[in-house]
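Asker: Handing you this structure, nothing more for now.
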Amino acid sequence: MTRAHPYRPLHLAAEIAPGAVGTRAAADAVALARIGEEAGLDFLTHDDSFSRPGLDALAVLSRVAPATRSIGLVPTVTTTHTEPFHVQAAVATLDWVSRGRAGWRVEVSRGAAEAALFGRRAAPPTAALWQEAGEVAEVARRLWDSWEDDAEIRDVPTGRFIDRDKLHHVDFQGSVFSVKGPSIVPRPPQGHPVVVVDATRPEARETAARHADVALIRAASPEEAAGLRAELHRAARAHGRDPELLRVLLSVPAGLPGLPGHSDPSGHSDPFGHSGPSGDSDLADPAALAERIAAWHGGGAVDGLHLVPADPARDLPRFAAGTVAALRGRGLFRTAYAGTTLRDHLGLPRPVSQYAPKGADA
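Going by the numbering used here, the first residue of the sequence shown is number 1, and it counts up by one from there.
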């Protein structure tokens with residue numbers, strides 16, 4: 001296992017609407033977000049899919065945004081069957097509503113039943129879907145850059161809202177779609193809202209390496225996690241990216257050990273040693289769970305943890321009050337937010353627009 005930098009921050013995140021819990025009311029999402037914010041988590045994800053009923057994740061987190069102040073908000077946004085221009089505008093709007101705390105978890109729609117809901121095309125192979133998802137992420141960045149940061153002038157005497165010289169035309173041709181810009185939304189506060197990709201499936205890893213700010217992985221051991229992290233870093237470097245700007249978080253879908261009913265539908269074993277739905281693992285102890293998280297992070301296997309509890313209303317408060325508190329007590333996790341944006345929390349710079357004058361600051 002590689003040795004971690006001694007000052008490398010630990011990043012913690014959690015899911016608040018996993019699987020069938022996606023029908024949770026927006027008011028419940030606000031309550032969970034406040035728990036996560038009080039704990040100082042970097043961000044919360046909100047799962048979504050065309051395959052089940054429920055509230056739209058992006059809309060729910062747009063409701064959560066004004067009720068919170070610091071925590072990052074990352075809805076799942078499906079790039080299959082949706083219009084890339086509308087997707088980027090919606091994510092940019094969430095970044096404005098949250099004052100720079102938005103991200104989006106890029107997802108694809110593989111099922112024939114979901115394709116039938118739209119009736120436009122059959123579901124392509126998974127590899128093609130992830131290629132398309134990468135193209136959506138790319139054109140989103142271009143559209144966010146199509147407004148320079150100071151394009152809004154709001155000159156009341158002359159009635160000029162925009163400096164047209166600071167709007168830029170985007171003409172993007174993807175494999176299955178084309179987009180012309182500029183965007184209809186000013187450049188987001190973060191420049192580019194944070195891109196999260198679940199890199200659990202091998203088909204998604206190339207997209208994660210090329211486009212993600214945060215990659216989610218699953219692994220049964222620190223050695224497996226370190227190998228996946230190194231693989232993503234190598235691929236990111238091959239695409240001309242600085243791999244140190246790619247955060248790799250271990251996603252733990254089994255929830256908290258010692259609680260009934262936690263199992264991983266993907267077939268991965270619980271990397272923290274939970275012995276099963278009725279097990280009595282010592283990791284029911286929040287301090288022990290904190291110890292394992294610290295060991296995986298401190299050894300350089302991952303940059304942090306993304307918890308996917310079976311029942312967020314039950315498990316997230318316990319995780320916050322127990323495990324996160326234990327990590328804070330050891331000086332391994334923040335006691336307060338140092339910055340105001342999700343990029344600040346993750347230690348990521350604000351990207352310079354590709355259209356900015358040469359030498360402009362980020």
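Heads up, the beta-carbon is just placed ideally off N, CA and C, and yes, glycines get one too.
All values reported here derive from a predicted model rather than from experimental measurement.
Return helix, strand or coil for D81, following the three-state DSSP convention.
Answerer: As a working note, residue 81 is residue 81 in the sequence shown. Residue identity check: residue 81 is His in the sequence provided, not Asp. If DSSP states are grouped into helix, strand and coil, H81 belongs with coil.
Asker: CB of H81 to nearest heavy atom of the ligand SAM: below 7 Å?
Answerer: Looking for the ligand SAM in the displayed structure turns up nothing, as the structure carries no ligands at all.
Asker: Do you know whose CA, among E231, T335 and P9, lies nearest R205's CA?
Answerer: The sequence position of residue 205 within the sequence shown is 205, counting from 1. Checked all of E231, T335 and P9; the closest Cα to R205 is E231.
Asker: Could you give the residue range of the beta strand (DSSP E) that holds E107?
Answerer: For the purposes of this step, residue 107 is taken as the residue at position 107 of the sequence shown. It spans G103 to E107 - the beta strand (DSSP E) in which E107 sits, taken as one unbroken run.
Asker: Helix, strand or coil for P265 per DSSP?
Answerer: Here the question's residue 265 lines up with position 265 in the sequence shown. Note that P265 has pLDDT 41, beneath the 50 cutoff, so the model's placement of it is unreliable and the number below is only indicative. Looking at P265 - three-state DSSP - the assignment turns out to be coil, as it is neither helix nor strand.
Asker: Return the chain-ordered ranges of every beta strand (DSSP E) run that is complete within the stretch 44-102 and spans a minimum of 3 residues.
Answerer: As far as the stretch 44-102 is concerned, its whole beta strand (DSSP E) runs of at least 3 residues are 72-78.
Asker: Determine the direct distance from the alpha carbon of A356 to that of L348, and round the result to whole angstroms.
Answerer: The residue you call residue 348 lines up with position 348 of the sequence shown. The residue you call residue 356 lines up with position 356 of the sequence shown. L348 and A356: Cα-Cα distance of roughly 19 Å.
Asker: Any contact between the stretch 154-169 and the stretch 133-141? By contact I mean 3 or more CB pairs, one from each, below 8 Å.
Answerer: No: the two stretches stay apart, fewer than three of their Cβ pairs being nearer than 8 Å.
Asker: For the structure I just gave you, are there three or more beta carbon pairs, one from the stretch 107-116 and one from the stretch 53-63, closer than 8 Å?
Answerer: They do not touch, by the three-pair rule.
Asker: Can the beta-carbon of V74 be found closer than 8 Å to that of A26?
Answerer: Within the sequence shown, residue 74 is the residue found at index 74, counting from 1. Within the sequence shown, residue 26 is the residue found at index 26, counting from 1. No, these two residues do not count as a Cβ contact at 8 Å.
Asker: Between which residues of its own chain and A336 is the CB-CB distance below 8 Å, once the five residues before and five after are set aside?
Answerer: Numbered from 1 along the sequence shown, position 336 holds the residue referred to as residue 336. Taken in chain order, the residues that qualify are G40.
Asker: Tell me which residue opens and which closes the beta strand (DSSP E) that L307 is part of.
Answerer: Looking up residue 307 in the sequence shown gives position 307. Residues G304 to L307.
Asker: I need the boundaries of the beta strand (DSSP E) containing E152, first residue and last residue.
Answerer: For the purposes of this step, residue 152 is identified with residue 152 of the sequence shown, where counting begins at 1. From DSSP, the beta strand (DSSP E) with E152 extends over E152 to D155.
Asker: Roughly how many angstroms lie between the CA atoms of R69 and G174, to the nearest whole one?
Answerer: The count along the sequence shown starts at 1 and reaches residue 69 at position 69. The count along the sequence shown starts at 1 and reaches residue 174 at position 174. Going from the Cα of R69 to the Cα of G174 covers about 37 Å.
Asker: Does the beta-carbon of T158 have 16 or more other beta-carbons within 10 angstroms, so that it is buried, or is it exposed?
Answerer: Start at 1 with the first residue of the sequence shown, and residue 158 comes out as number 158. T158 comes out exposed.
Asker: Quick check: the Cα distance between G298 and W96, rounded to an integer number of angstroms?
Answerer: In the sequence shown, residue 298 corresponds to position 298, counting from 1. In the sequence shown, residue 96 corresponds to position 96, counting from 1. Looking at the two C-alpha atoms, the distance is approximately 35 Å.
Asker: Below 8 Å between beta carbons: does that hold for H306 and A13?
Answerer: Taking the first residue of the sequence shown as position 1, residue 306 is located at position 306. Taking the first residue of the sequence shown as position 1, residue 13 is located at position 13. The answer is yes: Cβ separation under 8 Å.
Asker: Relative to the C-alpha of A31, which residue among V64, R8, D42 and P9 is closest?
Answerer: Here residue 31 corresponds to residue number 31 of the sequence shown, with the count starting at 1. Nearest of V64, R8, D42 and P9 to A31, Cα basis: V64.
Asker: Kindly indicate which three-state DSSP category D315 falls into: helix, strand or coil?
Answerer: Here residue 315 refers to the residue found at position 315 when the sequence shown is read from its first residue. Looking at D315 - three-state DSSP - the assignment turns out to be helix.
Asker: So, V248 versus R229, is the Cβ gap smaller than 8 Å?
Answerer: Within the sequence shown, residue 248 is the residue found at index 248, counting from 1. Within the sequence shown, residue 229 is the residue found at index 229, counting from 1. Yes; because the gap between Cβ atoms is below 8 Å, this pair is in contact.
Asker: Given that a residue counts as buried once 16 or more other Cβ atoms are within 10 Å of its Cβ, and exposed if not, what is D150?
Answerer: Here residue 150 refers to the residue found at position 150 of the sequence shown. Answer is exposed; the Cβ neighbour count stays below 16.
Asker: Would R187 be called buried (16 or more neighbouring beta carbons within 10 Å of its own) or exposed?
Answerer: In the sequence shown, residue 187 corresponds to position 187, counting from 1. It counts as buried.
Asker: Under 8 Å between the Cβ atoms of A33 and I71?
Answerer: Here the question's residue 33 lines up with position 33 in the sequence shown. Here the question's residue 71 lines up with position 71 in the sequence shown. Contact flag set, yes.
Asker: Would you list, in sequence order, the uninterrupted alpha helix (DSSP H) runs of no fewer than 4 residues that lie entirely inside the stretch 115-159?
Answerer: Here the runs fully enclosed are 126-145.
Asker: So, are the CB atoms of V170 and V176 less than 8 Å apart?
Answerer: To locate residue 170, count along the sequence shown from 1; it is residue 170. To locate residue 176, count along the sequence shown from 1; it is residue 176. No, these two residues do not count as a Cβ contact at 8 Å.
Asker: Using the Cα positions of A92 and R101, report the straight-line distance between them to the nearest angstrom.
Answerer: Position 92 of the sequence shown holds residue 92. Position 101 of the sequence shown holds residue 101. Their backbone Cα atoms lie some 10 Å apart in a straight line.
Asker: Do you know how far the Cα of G111 is from the Cα of V195?
Answerer: Locating residue 195 in the sequence shown gives position 195, where the first residue counts as 1. Locating residue 111 in the sequence shown gives position 111, where the first residue counts as 1. The alpha-carbon atoms of V195 and G111 are separated by roughly 23 Å.
Asker: For A295, does the count of other Cβ atoms within 10 angstroms reach 16, so buried, or fall short, so exposed?
Answerer: As a first step, residue 295 is located in the sequence shown; it is residue number 295 there, counting from the start. When all chains shown are included, A295 counts as exposed.
Asker: Considering only C-alpha positions, which residue in the set T207, E224, L250 and L216 is nearest to R241?
Answerer: Residue numbering aside, residue 241 sits at position 241 when the sequence shown is read from its first letter. The shortest C-alpha separation from R241 is found at T207.
Asker: Ordered along the chain, which non-local residues of its own chain (more than five positions away) have a Cβ less than 6 Å from that of D145?
Answerer: As a working mapping, residue 145 is identified with position 145 in the sequence shown. Excluding residues within five positions, the ones whose Cβ falls inside 6 Å are S353, Q354 and Y355.
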